[in-house]
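Participant:
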Amino acid sequence: MSKSVNTPAVVEYFNTFALDALNTELTVREMDATDDVKMAATILATSVRTLDELTATVVNLTEGNVDRPSLLDAMVKCFPDHTVGERHVGHYLSLARKGNLSGNIECRFAPGKAARKSRSKFKVTLDVRELTDAQRKALTKAGIELPELPEAE
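For what it's worth, my numbering labels the leading residue of the sequence shown as 2, then goes sequentially.
#1: Just the C-alpha distance for residue 85 and residue 101, rounded to the nearest angstrom, thanks.
#2: Applying the criterion that 16 or more other CB atoms from any shown protein chain within 10 Å of the CB defines a buried residue, is residue 82 buried or exposed?
#3: Apart from the five residues on each side of it in sequence, which residues of its chain come closer than 8 Å, Cβ to Cβ, to residue 135?
#4: Does residue 107 get closer than 7 Å to chain D when you measure Cβ to Cβ?
#5: Just the Cα atoms here: how many angstroms apart are residue 13 and residue 29?
#6: Suppose you measure from the CA of residue 130 to the CA of residue 150; what does that come to, to the nearest Å?
#7: Inspect the CB distances between the stretch 43 to 58 and the stretch 68 to 81 and report whether three or more fall short of 8 Å.
#8: Using the C-alpha atoms, what's the distance from residue 89 back to residue 22?
#9: When we look at the beta-carbon of residue 65 and count the other beta-carbons within 10 Å, is it buried (16 or more) or exposed?
#10: By a C-beta neighbour count over all protein chains shown, 10 Å radius and 16 as the cutoff for buried, is residue 141 buried or exposed?
#11: Spatial neighbours of residue 61 within its chain, please: CB distance less than 7 Å, with the 5 preceding and 5 following residues excluded, ordered by chain position.
#12: Flag this pair as yes or no: are the beta carbons of residue 46 and residue 17 separated by less than 7 Å?
#13: Around the Cβ of residue 52, are there at least 16 other Cβ atoms within 10 angstroms (buried) or fewer (exposed)?
#14: When you compare only the Cα positions, how much space is there between residue 103 and residue 6?
In structure tokens, the structure reads:
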């Protein structure tokens, strides 16, 4: 079975973008701009045949401000025969940042930090009185310092 693009899904996804963004992309590709969003989306969708080309087009349409969940949803719907997950979005955005996307569509913008997965640290509050001995041991082994419990009266 060949892995092909679901062009109607690409058209539906591209319909969510502003007409100005779609026409800018058409003009860059030396195609005629249009006054109809659906027509512009349809014309652009015909040039998307791979995940690389979908990613490049989305990066260009958003000027690098890619919404990861939206791109993941588009990848899943537009390429139903592919196994696509969150890690694929990161992979393709990384290729776009490095200028290494293959295909016929040039990626004119580099996805910014907003498109990257957040790796910020977070704070967890535990009630150490409720931890079992096994949980205390596991946390200590992981390098997490726990306060000593007061002696029971």
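For every residue, glycine included, the Cβ atom is placed at its ideal position computed from N, Cα and C.
Nothing here was measured: the structure is a model prediction, and the numbers come from that model.
Facilitator: This is what the structure gives:
#1: Position 84 of the sequence shown holds residue 85. Position 100 of the sequence shown holds residue 101. Taking the straight line from one Cα to the other gives about 19 Å.
#2: As a first step, residue 82 is located in the sequence shown; it is residue number 81 there, counting from the start. Looking at its Cβ environment, which holds fewer than 16 other Cβ atoms inside 10 Å, residue 82 is exposed.
#3: Taking the first residue of the sequence shown as position 1, residue 135 is located at position 134. Counting only Cβ-Cβ distances below 8 Å, and skipping sequence neighbours, we find nothing.
#4: Among the chains in the structure shown there is no chain D, since it carries only a single protein chain.
#5: Position 12 of the sequence shown holds residue 13. Position 28 of the sequence shown holds residue 29. C-alpha of residue 13 to C-alpha of residue 29: approximately 21 Å in a straight line.
#6: What you label residue 130 is simply residue 129 of the sequence shown in a count that begins at 1. What you label residue 150 is simply residue 149 of the sequence shown in a count that begins at 1. In a straight line, the C-alpha of residue 130 is about 7 Å away from that of residue 150.
#7: yes
#8: In the sequence shown, residue 22 corresponds to position 21, counting from 1. In the sequence shown, residue 89 corresponds to position 88, counting from 1. C-alpha separation (whole angstroms): 25 Å.
#9: Taking the sequence shown and counting its residues from 1, one reaches residue 65 at position 64. Burial call: buried.
#10: Here the question's residue 141 lines up with position 140 in the sequence shown. It is exposed - the Cβ of residue 141 has fewer than 16 other Cβ atoms within 10 Å.
#11: Position 60 of the sequence shown holds residue 61. Cβ neighbours of residue 61 beyond the five flanking positions: 26, 108, 109 and 110.
#12: Within the sequence shown, numbered from 1, the residue matching residue 46 stands at position 45. Within the sequence shown, numbered from 1, the residue matching residue 17 stands at position 16. No; because the gap between Cβ atoms is not below 7 Å, this pair is not in contact.
#13: The residue given as residue 52 occupies position 51 in the sequence shown. When all chains shown are included, residue 52 counts as buried.
#14: If you number the sequence shown from 1, residue 103 lands on position 102. If you number the sequence shown from 1, residue 6 lands on position 5. If you take the alpha carbons of residue 103 and residue 6, they lie about 16 Å apart.
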